[in-house]
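>
In mature numbering (1 follows the signal peptide of the UniProt record, and there is no 0), the protein residues as written are -18 to -1, 1 to 929.
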């Protein structure tokens, strides 16, 4: 008894020496119980009530009393001391976490306790809808775990005040009842429970993309994602449904959709805040609030537009960001050229256009009575060329006027705001009198014709000059006039004669197209003004297209893969091999996984002129370095070089905004290994061979391009809705980074050991031959429906076994021809392995001759039962089951009468089912091991039992 008291005293001296203030719980944890915060006694139920767990009050480092429980019956055997908490309401949680802080005395430091002292305790729980199970028997509690200390203390530690405080966290789910009890079972340890903290995790209130997401309790599964729809913050509206996913660790994952601030508000600090006086925001799709443009103002907060200063205006189509403008001034230098009953008017543009680019001209024609001021609008029979309203050029021809009549013409300069303030200050006018027939205006003769034309819409460069070629219709001798203006006076014409005119423009690239027009010159028209609208003389400003017949010699060359890392600027490789996609074409719909660099989502892509398609979207998480960005995009630089039906297709990348994305085709059935496990036993052998053929075809394409994959495995093959398999994941073993047994570290990075050829592991020599080795492992995965290669063997054991000549046995019901192809792929010398082109040919032959697939490897290796008595002794069934990690079936084998390995050799799939072994994966593992035993009997050089 004195020894126990001494141990307990030492125990609590250790506790007091190492206690610290309670920690602040993270925002994503919701506490259900914290023993450190309870005032007064905890009053938990101990059984037995005497001599078991004891509640003790101690002081923490701030001299605040806390309640703890201790027990130290290390001198007495067969301890069974229980401590149960009060009933704990679970709230909305489906999975709860228990954090236990405790100290434990090292049994070796207590004399005379050998065989009775323990260094562990057990943790239990019991669900209940109400506090009515307080006297429930211990047998009703479910065990959570056995808890051991990472650190124990001794009497020496106490003397030196070295604290050995342990912290362990366990989780329990899925909970369905209203509440629960926790229980602690002591089986003979010297232990003190310092604190017990019970909590669940949630994703805390968050605002992303102006959408607020409420506190959300995590899902029941440790890998589940809870989809949450957000609500727009005040003064904002939904652009696309905002969603986020709450992860099991209480962290929000990539946001989808967004809200936009209402007009008059801008986004600041995840809120929509009102625009200040003198600023505005007109559309929810605009950026932040803008300062009022020139000649405008706002007098109140939250303005959606700015009012124009006096004398300035804005048209209905003007954007809010455009400065207010005013009407133009009047045109000037108006001149006329009268030719009988036609007149040519020309003018110069106004001094000021009002600050706008939409300046046009309107013509107002008035017929005036001589010697009076009375004028009336011209009749409808007057014709204008090219038009009367919205003229872009500074000239117009007016025809069919009356002879010997006074006319007044007004030329109005007009822009988009002229109607807000019409004024004669915007017009200039001229009064003239038409001539009678036979009279000519100044500088115009009876044998002269004036031609005008418009500037070509798409000139191929700067127009240097125009060429006008003309001749009489029935003659072939022609004359040429060249001019730099868009008009020409054609002189010395013969009246009553038809002429053909050719007009074309010349640039530095040569002459453009020529338009041929015929025109009859009659006496009343000689000297008349002919416009482009009348004659349709539109000169195209492009170079004459010469149709040449070229003889092209195609030199067929082999396409070779280009390593993006050989580029001095890796961004150049990305631009060369990956198409940039505008984010407006992409719609992210949901998160489907988490990769090395960020989330993987599914969504839709709608490129202009193409149909909408489903895509997979890899995103780069925020806070990345430039090197991480290049590493992330390097995979796109690789995939972008491939074009094959069995290689994942790259749609493009997003690099000019965040998040940075890689867009690929969407494979509905996910990775091949998971797909096979979900569909265990559902496919015919021919279907499985078709899967293998598709993978081999893709690898042949890569091999022909001199590309080495280095990480070929079923997990890196994707399956679409048509069961087409495509090689993917061109970043070396990235998905294995977080798996301790997944990759073996050597010089230069990590290698997926179970899939890698020996020379690649030892010397890092990766070739197409090493990819063939990996393909053989992938074949084994397919035929075993996603079984893990080499089962539970460690990486070091796999390396050692391969060196000793061990090879994977055939999966259950695997055709002999396929296992033989696997063995050829695993030849030690890489030169002895088949090429991918040979593998494709072999698989094609098997598909064309299905009968060759009926003989299984198991049939070939299993001897007749009558010969089994000649087999040497192979050891006990218990040892064999322990070796392959299935010792839990020892009783099944013993009950069925299988007492030696000789007796299990004829065993079949049906035998295992009758024994109660229903797990297909375990059945395959057992039968594969049996087949390897049989193979060892036939090949006497290797009698090792496979692991």
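Quick reminder that beta carbons are idealized off the backbone N, C-alpha and C, glycines included. As the structure is a prediction and not an experimental result, all values here were calculated from the model.
Touch check for the region 694 to 703 and the region 642 to 650: three-plus C-beta pairs under 8 angstroms?
Cβ pair count under 8 angstroms is three or more, so yes.
> Should residue 866 be labelled buried (16 or more other beta-carbon atoms within 10 Å of its own) or exposed?
Classification for residue 866: buried.
> Are the CB atoms of residue 397 and residue 371 within a distance shorter than 9 angstroms?
It is not a contact, given that the beta carbons lie outside the stated cut-off.
> Say whether chain D places a C-beta atom closer than 9 angstroms to the C-beta of residue 95.
Included in the structure is just one protein chain, with no chain D present.
> Kindly indicate which three-state DSSP category residue 402 falls into: helix, strand or coil?
If DSSP states are grouped into helix, strand and coil, residue 402 belongs with the helices.
> Are residue 159 and residue 203 close, meaning C-beta to C-beta below 9 angstroms?
Taking 9 angstroms as the Cβ cut-off, residue 159 and residue 203 do not qualify as a contacting pair.
> Between the region 249 to 260 and the region 598 to 606, do at least 3 Cβ pairs fall closer than 8 angstroms?
The region 249 to 260 vs the region 598 to 606: no contact.
> Which word fits residue 299, buried or exposed, when buried means at least 16 other C-beta atoms lie within 10 angstroms of its C-beta?
Classification for residue 299: exposed.
> According to DSSP, simplified to helix, strand and coil, what is residue 333?
It is coil, neither helix nor strand.
> Within the chosen definition, does the region 380 to 398 reach the region 322 to 335 through at least 3 CB pairs nearer than 8 angstroms?
Counting Cβ pairs under 8 angstroms, three or more are found: they touch.
> According to the Cβ coordinates, are residue 671 and residue 835 closer than 9 angstroms?
Closer than 9 angstroms, so yes.
> Kindly identify the DSSP beta-bridge partner or partners of residue 634.
BP columns for residue 634 point to 645.
> Which residues does DSSP pair with residue 445 in a beta bridge?
In DSSP, residue 445 forms no bridge with anything.
> Whose C-alpha, out of 309, 367 and 823, is nearest the C-alpha of residue 402?
The residue with the shortest Cα to Cα distance from residue 402 is 309.
> Report the residue ranges of all beta strand (DSSP E) runs contained in full by the region 250 to 322; include only those spanning at least 3 residues, in chain order.
Runs of the beta strand (DSSP E) inside the region 250 to 322: 253 to 256 and 314 to 321.
> Measure the alpha-carbon distance for residue 349 versus residue 367 and round it to whole angstroms.
So the two alpha carbons sit approximately 18 angstroms from each other.
> Nearest-angstrom Cα distance between residue 234 and residue 198?
Rounded to whole angstroms, residue 234 to residue 198 spans 10 angstroms at the Cα level.
> Just tell me which of 49, 780 and 797 has its CA closest to the CA of residue 667.
Of the candidates 49, 780 and 797, the one whose C-alpha sits nearest the C-alpha of residue 667 is 797.
> Can you give me the C-alpha to C-alpha distance between residue 489 and residue 571, rounded to a whole angstrom?
Distance between the alpha carbons of residue 489 and residue 571 is about 53 angstroms.
> Which whole-angstrom value is the C-beta distance of residue 79 and residue 182, which I expect to be below 8 angstroms?
So it is a contact: roughly 7 angstroms between Cβ atoms.
> Only counting runs of 3 or more residues, tell me where the beta strand (DSSP E) segments fall wholly within the region 50 to 98, in order along the chain.
Entirely contained in the region 50 to 98, the beta strand (DSSP E) runs reaching 3 residues are, in chain order, 63 to 66 and 77 to 86.
> On the three-pair Cβ rule with 8 angstroms, is the region 33 to 53 touching the region 113 to 127?
They do not touch, by the three-pair rule.
> How about residue 624 and residue 687: do their beta carbons lie closer than 9 angstroms?
Cβ atoms of residue 624 and residue 687: closer than 9 angstroms.
> Smallest Cα separation from residue 470: which of 484, 562 and 369?
That would be 484, whose Cα lies nearest to the Cα of residue 470.
> Exposed or buried, residue 281, counting other C-beta atoms within 10 Å across all chains shown (16 or more means buried)?
By the 10 Å Cβ count, residue 281 comes out exposed.
> Quick one: complete beta strand (DSSP E) runs, 3+ long, within the region 146 to 190?
Taking only runs of at least 3 residues, the beta strand (DSSP E) segments lying wholly in the region 146 to 190 are 148 to 155, 161 to 168, 172 to 185 and 188 to 190.
> Locate the alpha helix (DSSP H) running through residue 773, then write down its first and last residues.
Premise fails: residue 773 is in no alpha helix (DSSP H) and is neither H nor E.
> Once you ignore the five residues that flank residue 364 on each side, which residues in its own chain have a CB closer than 8 angstroms to its CB?
Only 347, 380, 381, 382 and 383 meet the Cβ criterion.
> Write down the C-beta distance between residue 157 and residue 222 rounded to the nearest angstrom, noting that I regard them as a contact closer than 8 angstroms.
Not really, about 36 angstroms apart at Cβ, beyond 8 angstroms.
> Report the three-state DSSP secondary structure of residue 794 (helix, strand or coil).
Correct three-state label for residue 794: coil.
> If contact is defined by three or more beta carbon pairs under 8 angstroms, each pair taking one atom from either stretch, is the region 212 to 229 in contact with the region 621 to 641?
Taking 8 angstroms as the limit for Cβ pairs, the verdict is that the region 212 to 229 does not touch the region 621 to 641.
> Distance check for residue 131 and residue 162, CA to CA, integer angstroms please.
Their backbone Cα atoms lie some 25 angstroms apart in a straight line.
> For residue 673, count the other beta carbons within 10 Å of its own beta carbon; 16 or more makes it buried, fewer makes it exposed. Which is it?
Under this definition residue 673 is a buried residue.
> Identify, in the order they occur along the chain, each residue of the same chain with its Cβ nearer than 8 angstroms to the Cβ of residue 304, setting aside the five sequence neighbours on each side.
275 and 296, listed in sequence order.
> With 16 as the cutoff for other CB atoms within 10 Å, does residue 777 come out buried or exposed?
Result: buried.
> Cβ of residue 54 within 9 angstroms of Cβ of residue 172?
Closer than 9 angstroms, so yes.
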